[in-house]
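One line per chain: the protein sequences are A and B, in this order.
Per my numbering, the first sequence starts with residue 2, numbered consecutively.
Per my numbering, the second sequence starts with residue 97, numbered consecutively.
Cβ atoms here follow ideal geometry from the backbone N, Cα and C, with glycine treated the same way.
Small disclaimer: the values here were computed from a predicted structure and weren't measured.
Quick notes on the structure that follows.
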Amino acid sequence: MKRLNIFLICFFISSLIAAQNSILIEAESFKNKGGWVVDPQFVEQMGSPYLLAHGLGIPVENAVTDIKIENSGLYHVWARTKNWVPGNWEAPGRFLISVDGEKLENELGKNEGWNWEYAGKVNLKKGKNELALHDVTGFEGRCDAIYLSTINEQQLPENLKELKQWRAEKKGETILPEKILKYDFVVVGGGIAGCAASIAAAEHGLKVALIHDRPVLGGNASSEIRVHTLGIHGNFERILKMIDTEHYPNGSAEAFKDEEKRMKNMRKYENIDLFLNYRAYATHAENNSINSVDAKHTSSGERIRFEAPYFADCTGDGWIGYWAGAEYSYGREAASEYGETWEEHGVLWSPEIADNFVMGSSVLWGTENAGKPVDFPEVPWAMDVVGDHSSRKGEWFWEYSSNDLNQIDDAETIRDHMFCAIYGSFYNYKNQIPEDIHPDQERINKRNNWPEQLKADSIQLKWVSYLVGKRESRRLVGDYIFTFNDAREPKDFKDAVVFEKRAVDVHYQMNLVDENNPDFLSEAMFYNTKTYNIPYRSFYSKNINNLFMAGRNFSCSHIGLGGPRVMNTTGQMGAAVGIAASVCKKHQVNPRDIYTTYLDEYLQLIENQK
Amino acid sequence: MQLPVLYFISILLAGGFLVSNPKVEKRVDDCKEAFEFIYGEFEVNNQVEICFDSAGIPERYKSSVNMPVCDDTLCANVVLKIYWDLAGNYQSFDTLTGFPLTKFDHKKFSSDDYTKLDQILKNRNSMLRILKMTDLLDKSVKVQSKKVDAVTGATPVTIRKSIVEGAVYSSYTLWHFVNGSIKNQISNFTLDNYSEEVSRRMLLSDNYETQLFALKYFSEVDYEIQSELIFQVITQSVPLVKANTIIKMPLPFEESFKNYKLLSLFPELDNYSKSIFINRVLTERNVAEEFLPLILNHPDAFSKKQLDQINSAFTKFEISKKKN
Ligand SMILES: Cc1cc2nc3c(=O)[nH]c(=O)nc-3n(C[C@H](O)[C@H](O)[C@H](O)COP(=O)(O)OP(=O)(O)OC[C@H]3O[C@@H](n4cnc5c(N)ncnc54)[C@H](O)[C@@H]3O)c2cc1C
Chain A
2 MKRLNIFLIC FFISSLIAAQ NSILIEAESF KNKGGWVVDP QFVEQMGSPY
52 LLAHGLGIPV ENAVTDIKIE NSGLYHVWAR TKNWVPGNWE APGRFLISVD
102 GEKLENELGK NEGWNWEYAG KVNLKKGKNE LALHDVTGFE GRCDAIYLST
152 INEQQLPENL KELKQWRAEK KGETILPEKI LKYDFVVVGG GIAGCAASIA
202 AAEHGLKVAL IHDRPVLGGN ASSEIRVHTL GIHGNFERIL KMIDTEHYPN
252 GSAEAFKDEE KRMKNMRKYE NIDLFLNYRA YATHAENNSI NSVDAKHTSS
302 GERIRFEAPY FADCTGDGWI GYWAGAEYSY GREAASEYGE TWEEHGVLWS
352 PEIADNFVMG SSVLWGTENA GKPVDFPEVP WAMDVVGDHS SRKGEWFWEY
402 SSNDLNQIDD AETIRDHMFC AIYGSFYNYK NQIPEDIHPD QERINKRNNW
452 PEQLKADSIQ LKWVSYLVGK RESRRLVGDY IFTFNDAREP KDFKDAVVFE
502 KRAVDVHYQM NLVDENNPDF LSEAMFYNTK TYNIPYRSFY SKNINNLFMA
552 GRNFSCSHIG LGGPRVMNTT GQMGAAVGIA ASVCKKHQVN PRDIYTTYLD
602 EYLQLIENQK
Chain B
97 MQLPVLYFIS ILLAGGFLVS NPKVEKRVDD CKEAFEFIYG EFEVNNQVEI
147 CFDSAGIPER YKSSVNMPVC DDTLCANVVL KIYWDLAGNY QSFDTLTGFP
197 LTKFDHKKFS SDDYTKLDQI LKNRNSMLRI LKMTDLLDKS VKVQSKKVDA
247 VTGATPVTIR KSIVEGAVYS SYTLWHFVNG SIKNQISNFT LDNYSEEVSR
297 RMLLSDNYET QLFALKYFSE VDYEIQSELI FQVITQSVPL VKANTIIKMP
347 LPFEESFKNY KLLSLFPELD NYSKSIFINR VLTERNVAEE FLPLILNHPD
397 AFSKKQLDQI NSAFTKFEIS KKKN
């Protein structure tokens, strides 16, 4: 009996020590990321930012970090990763892990869905060891985290909830964020809407925090996505000119110049604190009011709680509203719901019954002439998506939506589908053999001498975004829902704050009407309008008392979004919201009270700031 | 395709040649006056005729036009025969011998220009829909006419795809004419003369808008009575039509072999139509009760996500998974 007790105690102590002989490393926290990029877009779906080997077909440089080992010994190593196009081919995004220069035996990135893959075992010395990720393919390999343990643990957590808890335990995270900061106004999402909201509020004396999950501002207009801003400036020309873009072709590197302007102008405002690379992940709301928003650094994992009396949701996806329990809508309403029928385009415009077929997301890309022949690897995993479609550049109409896919929950699937579309179409472009034009073999053999082929041989991928550019997802519900009819027969809203005259356009997938098209191309339908206006009541939540929203997640119907989703218009929304927040603060009231009680004062402020 | 060929032949005829081309079917339309259409902007009155096939069933509409397309002397009137289908969707045009279309400076249309014009007129999403006449010429760039002492503007780059170069006004005017209010007048005329044969012809059209038009007037009982026709529509149409047929059809069919038949079409269906169907299974108990047990016979027809949804419908409606 005594011996058994001693045995049990020894067992307990040894397992305790063993438990300490494990270490969890978040890939995004690697000190030197080499050519890998941090991808925080899908945290809500898969649990964490991750490192992506976005090499456009050329393996990227190693990501390297030091780890400190307390007890030397034999460690088992796992990586949380994913085969992003499973099928009858070698997984496209494979990588290896090395420790102190020694590669572990198993290639990773081979199993379907996010999961832990076993990399191998290695002897680690006490103290500093160097851990590295070696990209093998250059095609979007991904690593979320690496786990080392002296025990060959059979079951690492897969389920998101368990994983979250396990992670927190391994990292010794407390419930409360490390830092708590107080502001007058917290803006989440640094697209054009969020930037404009911050400027307008700061100019009216508020202390503003702008939380944005990327290193640069601008959202879809940033150099990372490269869409130019369209629409008019309305009442906010001065503000919007600080953050808008020239009319460069979508996908153009000219976006950098406008981004520089935007960053410089945003930094000029002393009472805007920029929290770049912080992604909001939770809100704390009580009695239909938000007290705080928590955000986490996308690499270091540092957490900050932001307390404020007013918040603006400019995330595009309506995250803040969603977490706080704000009413929202998603999908296409039935044409009859708001009377949005347009006979010219019938059910393509507005369906008879509500569905989820919203406007899709895009990944922009472009190529350049290398001046000499350059190879592009085979991409068998992309061919199911592209068929024989070939292309040397993307445009706005490289867009993917499906009634089955949610633009938020399935965003990674959508982005990855676009990767296949791009790499597959580019492969076809590089390898076009126009047999049908020149059927005799001799000529085919001479194909390398043809000018077009020569050109294709020298074309290489220059840039492919890894951020999915979204058009439509959650729309938070305000006191007024802006619909197509408000653009078709413009109203004279007494609280009109945003003005637009750009035609309403909504998209549909081309393969719906012509199955010869691949499923990733869209087409636009345009409805011409006179100048219309959007009421202030579409920019605050109906049921969350202190929440504003600006950007494509404002209060509108699917077709209602068709006109004002462009970024000068969403910028106007932001500016309108920023000024409203200042009136709220002055009178210690909620957004709705501006409409009911302080409208004149508010509209006068908008006039004054021009 | 047919169009440039016809044009080519008309040139040959005009030039005194006759080449027999087996592809061109010689056909004399059996047409009669349908209605008069007044195209306001140009104050042109057009007689629209309805044409019948050999069995006397309405087939299409036609109208001869002769309209000015610009306000200067640089372009000639447009003289054409234009055809629409039964729902008023533009089909094709023909030139009349001796009246070729012309471009800037009276230069004749090439056969590529004719093909392009035909495509432009068929494009329901053309930018021309939202452009004004004044948007069409970039007044800052002047183009000198060689024949007439005049200058005119160049075409802005952004709209070059939507027009035949050198024939901007013709492209614009014709697009608005063939896709404008005449479409409604034609479809109304068709409705006034509707019959089962007309409905059938439209449902099996290769124009999805025409099919959707006919679906609108397909009554609930029609689905049961003409289920074979509907299955044919589902089989041979584009996804938009397939899905909208599935949205509209009263389900389940009273006769169960029709339900079997419907489901047997699923493996070949597009994703949109499948998801529309699954949505009905998820939201309508009687559809779920009839089809859930049948679906188990076609597990390969659905994606993993769709199968998850199907499974959740079994639970929701407490339906047993016994195989039929
Ligand atoms: C390919 C394409 C072409 C388009 N063409 C045009 C065009 O030509 N002109 C035009 O004006 N518009 C165009 N649009 C539409 C326009 O870009 C979008 O509607 C745009 O999203 C609106 O701006 P926004 O500020 O609302 O959102 P976004 O630009 O999406 O900005 C929101 C930002 O919030 C960040 N964010 C999200 N969640 C969080 C979080 N939890 N924490 C911190 N930050 C977060 C995101 O990273 C994002 O950058 C196009 C869109 C696409 C995809």
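Requested in this report: Kindly examine ligand 1 and report whether one of its heavy atoms sits closer than 7 Å to the Cβ of Trp366 (chain A).
Outcome: Counting from 1 along the first sequence, the entry for residue 366 (chain A) is found at position 365. No, Cβ of Trp366 (chain A) sits at least 7 Å from all heavy atoms of ligand 1.
Report task. Say yes only if the C-beta of Asp295 (chain A) is nearer than 7 Å to one or more non-hydrogen atoms of ligand 1, and no if none qualify. Result -> Taking the first sequence and counting its residues from 1, the one referred to as residue 295 (chain A) is at position 294. No, the Cβ of Asp295 (chain A) stays beyond 7 Å of every heavy atom of ligand 1.
Report task. Quick one: using the 10 Å Cβ neighbour count with 16 as the cut-off for buried, is Asp601 (chain A) buried or exposed? Result -> The sequence position of residue 601 (chain A) within the first sequence is 600, counting from 1. Classification of Asp601 (chain A): exposed, given that the 10 Å Cβ count is below 16.
Query raised in the report: Taking contact to mean at least 3 C-beta pairs separated by less than 8 Å, is the stretch 74-94 of chain A in contact with the stretch 112-127 of chain A?
Result: yes
Report task. Return yes when at least one heavy atom of ligand 1 lies under 7 Å from the C-beta of Thr230 (chain A), else no. Result -> Residue 230 (chain A) sits at position 229 when you count from the first residue of the first sequence. Correct: Thr230 (chain A) has its Cβ closer than 7 Å to ligand 1.
Query raised in the report: What in chain B is Cβ-close to Ser403 (chain A), meaning under 9 Å?
Result: Against the first sequence, residue 403 (chain A) aligns to sequence position 402. In chain order: Asn367, Tyr368, Ser371.
Query raised in the report: Is the Cβ of Leu361 (chain B) closer than 8 Å to any Cβ of chain A?
Result: Translated into the one-based positions of the second sequence, residue 361 (chain B) becomes position 265. No, no contact with chain A.
Query - Limits of the beta strand (DSSP E) - the one that Thr193 (chain B) falls within - result: Residue 193 (chain B) sits at position 97 when you count from the first residue of the second sequence. Segment: none, Thr193 (chain B) is in no beta strand (DSSP E) and carries neither H nor E.
Query - DSSP three-state assignment for Ser308 (chain A), whether helix, strand or coil - result: Here residue 308 (chain A) is taken as the residue at index 307 of the first sequence, counted from 1. Checking the displayed sequence, the identity of residue 308 (chain A) turns out to be Glu instead of Ser. Of the three classes helix, strand and coil, the one that applies to Glu308 (chain A) here is strand, per DSSP.
Query raised in the report: At what residues does the alpha helix (DSSP H) containing Phe427 (chain A) begin and finish?
Result: Taking the first sequence and counting its residues from 1, one reaches residue 427 (chain A) at position 426. 412-431 is the extent of the alpha helix (DSSP H) around Phe427 (chain A).
Query raised in the report: If you count every other CB in all the chains shown that lies within 10 Å of the CB of Ser408 (chain B), and 16 or more means buried, which is it?
Result: Stepping through the second sequence from its first residue, residue 408 (chain B) is reached at position 312. Looking at its Cβ environment, which holds fewer than 16 other Cβ atoms inside 10 Å, Ser408 (chain B) is exposed.
Query raised in the report: Which residues, taken in chain order from the stretch 334-356 of chain B, show a beta carbon closer than 9 Å to some beta carbon of chain A?
Result: Val334, Pro335, Leu336, Val337, Ala339, Asn340, Ile343, Lys344
Report task. Could you check which residue in B:Asp208, B:Leu270, B:Ile216, B:Phe189 has the C-alpha nearest to that of Met163 (chain B)? Result -> Your numbering for residue 163 (chain B) matches position 67 in the second sequence. Answer by Cα proximity: B:Leu270.
Query raised in the report: Per DSSP, Ala313 (chain A) forms a beta bridge with which residues?
Result: As a working mapping, residue 313 (chain A) is identified with position 312 in the first sequence. Partner(s): A:Val188, A:Phe549.
Query raised in the report: Using 8 Å as the limit for Cβ to Cβ distance, is Asn591 (chain A) near chain B?
Result: Mapped onto the first sequence, residue 591 (chain A) falls at position 590. Closer than 8 Å: no.
Report task. In angstroms with no decimal places, state the Cα-to-Cα distance between Leu1 (chain A) and Gly102 (chain A). Result -> Any question about residue 1 (chain A) goes unanswered here, given that chain A covers just 2 to 611.
Query raised in the report: Within 8 Å (strictly less), CB to CB, does Ile233 (chain A) reach chain B?
Result: One-based indexing of the first sequence puts residue 233 (chain A) at position 232. No, no contact with chain B.
Query raised in the report: Using a threshold of 7 Å, is the CB atom of Ala525 (chain A) nearer than that to any non-hydrogen atom of ligand 1?
Result: Translated into the one-based positions of the first sequence, residue 525 (chain A) becomes position 524. No, the beta carbon of Ala525 (chain A) sits no closer than 7 Å to any heavy atom of ligand 1.
Requested in this report: May I ask you to check if the CB of His213 (chain A) is nearer than 7 Å to at least one heavy atom of ligand 1?
Outcome: The residue you call residue 213 (chain A) lines up with position 212 of the first sequence. His213 (chain A) Cβ: within cutoff of ligand 1.
Query raised in the report: Does ligand 1 have a heavy atom nearer than 7 Å to the CB of Ala194 (chain A)?
Result: Within the first sequence, residue 194 (chain A) is the residue found at index 193, counting from 1. Yes, the beta carbon of Ala194 (chain A) sits closer than 7 Å to at least one heavy atom of ligand 1.
Report task. Return no unless some Cβ of chain B is closer than 8 Å to the Cβ of Gly347 (chain A). Result -> In the first sequence, residue 347 (chain A) corresponds to position 346, counting from 1. Cβ-Cβ to chain B under 8 Å: yes for Gly347 (chain A).
Query raised in the report: Quick one: what's Trp397 (chain A) bridged to in DSSP?
Result: Locating residue 397 (chain A) in the first sequence gives position 396, counting from the first residue. Beta-bridge pairing links Trp397 (chain A) to no other residue.
Report task. Note down, in chain order, every chain B residue with its Cβ under 8 Å from the Cβ of Glu353 (chain A). Result -> As a position in the first sequence, residue 353 (chain A) is number 352, starting the count at 1. Ordered by position in chain B, the residues that pass the 8 Å Cβ test against Glu353 (chain A) are Asn340, Ile343, Lys344.
Requested in this report: Under 8 Å between beta-carbons, which chain B residues line up against Phe527 (chain A)? List them in chain order, please.
Outcome: For the purposes of this step, residue 527 (chain A) is taken as the residue at position 526 of the first sequence. Under the 8 Å cutoff, chain B gives Asn221, Met223, Arg225, Ile226.
Query raised in the report: How big is the Cα-Cα spacing for Lys228 (chain B) and Phe527 (chain A)?
Result: In the second sequence, residue 228 (chain B) corresponds to position 132, counting from 1. In the first sequence, residue 527 (chain A) corresponds to position 526, counting from 1. Cα to Cα, the separation comes out at about 13 Å.
Query raised in the report: What is the DSSP secondary structure of Gln405 (chain B), counted as helix, strand or coil?
Result: Here residue 405 (chain B) refers to the residue found at position 309 of the second sequence. Of the three classes helix, strand and coil, the one that applies to Gln405 (chain B) here is helix, per DSSP.
Report task. Taking only the alpha-carbon atoms, compute the straight-line gap between Glu364 (chain B) and Gln328 (chain B) and give it to the nearest angstrom. Result -> Your numbering for residue 364 (chain B) matches position 268 in the second sequence. Your numbering for residue 328 (chain B) matches position 232 in the second sequence. So the two alpha carbons sit approximately 13 Å from each other.
Report task. Determine, using beta carbons only, whether Asn518 (chain A) comes closer than 8 Å to chain B. Result -> Taking the first residue of the first sequence as 1, we reach residue 518 (chain A) at position 517. No, its Cβ sits nowhere closer than 8 Å to a Cβ of chain B.
Query - Members of the stretch 295-308 of chain B that neighbour chain A once the beta carbon cut-off is set at 8 Å - result: Tyr304, Glu305, Leu308
Query raised in the report: Which of the three DSSP states, helix, strand or coil, is assigned to Ala576 (chain A)?
Result: Here residue 576 (chain A) corresponds to residue number 575 of the first sequence, with the count starting at 1. The answer is helix: DSSP assigns Ala576 (chain A) an H, G or I state.
Query raised in the report: Going by the CB atoms, is the gap between Ser392 (chain A) and Phe427 (chain A) shorter than 8 Å?
Result: Position 426 of the first sequence holds residue 427 (chain A). Position 391 of the first sequence holds residue 392 (chain A). Yes, they are a contact pair.
Report task. Check whether the Cβ of Asn407 (chain A) lies closer than 7 Å to any heavy atom of ligand 1, and answer yes or no. Result -> Along the first sequence, read from residue 1 onward, the residue named residue 407 (chain A) stands at position 406. No, Cβ of Asn407 (chain A) sits at least 7 Å from all heavy atoms of ligand 1.
**Report entry** According to DSSP, residues forming a beta bridge with Lys177 (chain B)
**Finding:** Locating residue 177 (chain B) in the second sequence gives position 81, counting from the first residue. Lys177 (chain B) pairs with B:Ser160, B:Asp190.
Query raised in the report: Within 8 Å (strictly less), CB to CB, does Lys400 (chain B) reach chain A?
Result: Counting from one through the second sequence, the residue named residue 400 (chain B) turns up at place 304. Cβ-Cβ to chain A under 8 Å: no for Lys400 (chain B).
Query raised in the report: Can the beta-carbon of Arg215 (chain A) be found less than 8 Å from the beta-carbon of Leu277 (chain A)?
Result: Residue 215 (chain A) sits at position 214 when you count from the first residue of the first sequence. Residue 277 (chain A) sits at position 276 when you count from the first residue of the first sequence. Yes, the pair counts as a contact, with Cβ atoms nearer than the cut-off.
**Report entry** Pair within 8 Å by beta-carbon distance, Ile26 (chain A) and Ile68 (chain A)
**Finding:** Translated into the one-based positions of the first sequence, residue 26 (chain A) becomes position 25. Translated into the one-based positions of the first sequence, residue 68 (chain A) becomes position 67. Yes. Within cutoff.
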